[in-house]
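**Q** In mature numbering (1 follows the signal peptide of the UniProt record, and there is no 0), the protein residues as written are -20 to -1, 1 to 460.
Just so you know, even glycine gets a beta-carbon here, dropped at the ideal spot from N, CA and C.
Just dropping this structure here.
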Amino acid sequence: MRALFSAICCLFLVSIGANAQNSPDCRTAIPVCADAPILSTTDGSGDIDDFDPDVITQSGCLEKGSVSSANIENNTSWYVFRAGTDGQIGFDIEALPVSGTILTSELDFALYGPFDQTTGQNFCTIIGDGSAQPIRCNYEVNDTGFTGIGVNPIDGRLGAPFVKGSQNTYDEWLDVTAGEIYYLFINNYNTNFDGDAEPFALTFTGTSVDADQNTALDCTLRDEFLGLDIIACEGDPDIVLSALNSPAGPDIANVTWTLDRDDDGTIDEVLAAGPAETEFTVTSPNSGRYFVSIETTLATIITDDILITFYGVPELDEVRVIDDLVNSDQTDPYNIEIVPLGDGDYEYAINGGEFQDDPQFFDVPPGENTVIINDKNGCGITEALPFLVVGYPKFFTPNGDGVHDSWNVLGIETLTAPSVYIFDRYGKLLKQLDTGSVWDGTFNGRELPSSDYWFRLDYDRDDTGVVVARSVRRHFSLVR
């Protein structure tokens, strides 16, 4: 018969972080609707990577600009829209002249989705690191001043799947389902050198828009003018919240920004107030729900709020032992639970295996193991952190047959200054074991009866230079 074992863990850890790529501009994408053309500019300057430069250098759709050392972003704008009905959606992006006559911009786009807002997924992270690929995109030479999805209104050319060199600046119509979220990235590659903003018009098209432009896209999303809730990483670039994207437009008389740090319904601080406070900058790691109240020149009040959560690099707090025979496929279960510091969205892998969301692992082998913790928000991943599983027999049979005749803690020699104290059910000390010693089931030379006995294991753990006293108490059975 094989002995059943429980487990005791001591661990030694060092964590390292990875820079996050969760598309800073994407996080504050402007919510748009289909009820009127949107006039805007490509106002980025290529100084922030919206895409992981180690991953997306040449995706077959998006390309680097004309400066060979430039990243993939140059003079960009981000928009987000939500389908209001099932149907067909397209859009026209029209480059507008500068100073009334000169048309200098070369607009391209990439469309990402569909996303389900109810999942709580960090869409801008999976866009930024390449996990989510564009479903429509185009960077062909634009000789009509138009690009988009559907039909080019200048030459009537129907959109087709993107083929480099086709000189078709339009992609296929998009079939949407009500509630789906899409992110639209608009880029200007023609002015990589000067970084000047240039105007364009965005107009939605398609059979859904033709049927009712007020319902084709969910216009209530525009009321969330601060954008969808943001998950960011500690050390990320600042997040700029803007009241200028509100339905008030330029008709602003006064703006007040407030903060509920714990998102518990209590306003903790008035951050800024005044007619000129049309923007507020959130710096890492100031998590909380941010509110804005806008008083218009018509004495109406427009409000919105957004939850911004900053996560840090994951850290390992401890490895807990769980005695769970039900979930074990073996007779010697070593079942553990990984306990991280923080409340990020983590996944875990032990001993080089696959990642899983569940922090519990069953049938972990005794001895030294490793765990890796990854933050699925893109806020970092640990190195392989070693932890030690030390086992003890759940029972022993001191009957002289040479099998399980003695009891001791397995792996005790790997611990620092270990001592094992064995007690009966009434708390009487029967035996003290040190490294290398065992118990034969006797007390003062007298055989003790079959029963449950208890032990306490004391040992020290050297944790980054700080010695932490550890004590473990468990019970086992003597069987005669």
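(1) Output the boundary residues of the alpha helix (DSSP H) element that contains residue 117.
(2) Determine the burial state of residue 476: buried for a count of at least 16 other Cβ atoms within 10 Å of its Cβ, exposed for fewer.
(3) Whole angstroms are fine: how far does the CA of residue 21 sit from the CA of residue 253?
(4) List the whole-angstrom C-beta distance separating residue 203 from residue 276, where the pair is believed to meet the contact cut-off of C-beta under 8 Å.
(5) Do you know offhand how far residue 385's Cα is from residue 393's?
(6) What's the call for residue 85, buried or exposed, on a 16-neighbour Cβ count within 10 Å?
(7) Measuring only between beta-carbons, confirm whether residue 439 sits less than 8 Å from chain B.
(8) Where do the N-terminal and C-terminal ends of the beta strand (DSSP E) with residue 400 fall, by residue?
(9) Look up residue 359 in the DSSP assignment and say whether it is helix, strand or coil.
(10) Go through its chain and collect everything with a Cβ distance to residue 435's Cβ below 8 Å, but skip five positions before and after it.
(11) Looking at residue 184: is its Cβ nearer than 8 Å to the Cβ of residue 69?
(12) Using a Cβ-Cβ cutoff of less than 6 Å, which residues in the same chain neighbour residue 420 once the five nearest sequence positions on both sides are dropped?
(13) Give the straight-line distance between the Cα atoms of residue 180 and residue 103, rounded to the nearest whole angstrom.
(14) Go through the stretch 261 to 345 residue by residue and report every complete run of the alpha helix (DSSP H) that reaches 4 residues or more, in order.
(15) Determine whether the beta carbon atoms of residue 350 and residue 339 lie at a separation below 8 Å.
(16) Look at residue 290 and residue 273 and say whether their C-beta atoms are less than 8 Å apart.
(17) For residue 294, count the other beta carbons within 10 Å of its own beta carbon; 16 or more makes it buried, fewer makes it exposed. Which is it?
(18) Beta-carbon within less than 8 Å of residue 244's beta-carbon, same chain only, minus the 5 sequence neighbours each way: which residues are those?
(19) Excluding the 5 residues flanking residue 228 on each side, which residues of the same chain have their C-beta closer than 7 Å to its C-beta?
(20) Hey, residue 237 and residue 224 are a contact pair by Cβ (cut 8 Å); roughly how many whole angstroms apart?
(21) Could you check the C-alpha separation between residue 73 and residue 127 for me, to the nearest Å?
(22) Just verifying my parser: in three-state terms, what is the DSSP assignment at residue 213?
(23) Pull up the DSSP beta-bridge partners for residue 193, would you.
(24) State the DSSP-derived secondary structure class of residue 201, mapped to helix, strand or coil.
(25) Is the separation between the beta-carbon of residue 61 and that of residue 162 shorter than 8 Å?
(26) State the start and end residues of the unbroken beta strand (DSSP E) segment that holds residue 184.
(27) In angstroms, rounded to a whole number, what distance separates the CA positions of residue 395 and residue 417?
(28) Per DSSP, which residues does residue 453 bridge with? Please list them.
(29) Grab the span of the alpha helix (DSSP H) containing residue 461 for me, first residue to last.
(30) Please look up how many angstroms separate the CB atoms of residue 432 and residue 460, rounded, as I've assumed it's under 8 Å.
(31) Whose CA, out of 271, 139, 438, 292, lies closest to the CA of residue 468?
(32) Are the stretch 130 to 138 and the stretch 189 to 208 in contact at 8 Å, needing three or more beta carbon pairs?
(33) Per DSSP, which one or two residues make a beta bridge with residue 165?
(34) Using a Cβ-Cβ cutoff of less than 8 Å, which residues in the same chain neighbour residue 153 once the five nearest sequence positions on both sides are dropped?
(35) Measure the alpha-carbon distance for residue 301 versus residue 267 and round it to whole angstroms.
**A** Well, looking at it:
(1) Residue 117 -> not in any alpha helix (DSSP H); beta strand (DSSP E) instead, spanning 116 to 118.
(2) Here the chain covers residues -20 to 460 and nothing more, so residue 476 does not appear.
(3) 27 Å
(4) Under the criterion of beta carbons closer than 8 Å, residue 203 and residue 276 do not qualify as touching, at roughly 14 Å.
(5) The alpha-carbon atoms of residue 385 and residue 393 are separated by roughly 20 Å.
(6) buried
(7) Absent from the structure is chain B; it holds one protein chain and no more.
(8) 396 to 403
(9) coil
(10) 372, 389, 400, 401, 402, 403, 453, 454, 455, 456
(11) yes
(12) 378, 386
(13) 25 Å
(14) Entirely contained in the stretch 261 to 345, not one alpha helix (DSSP H) run reaches 4 residues.
(15) Their beta carbons are not under 8 Å apart, which means residue 350 does not touch residue 339 by this criterion.
(16) No, the Cβ-Cβ distance between residue 290 and residue 273 is not below 8 Å.
(17) buried
(18) none
(19) 274, 276, 282
(20) Between residue 224 and residue 237 the Cβ distance is about 13 Å, and since that is not below 8 Å, they are no contact.
(21) 5 Å
(22) strand
(23) Paired residues: none, contrary to the question.
(24) helix
(25) yes
(26) 178 to 185
(27) 14 Å
(28) 436
(29) Outside the shown range of the chain (-20 to 460) lies residue 461, about which nothing can therefore be said.
(30) About 13 Å separates the two Cβ atoms, so there is no contact after all.
(31) What is shown of the chain runs -20 to 460, which leaves residue 468 out entirely.
(32) no
(33) 58, 90
(34) 68, 69, 70, 129, 130, 139, 186
(35) The straight-line gap from Cα to Cα measures roughly 33 Å.
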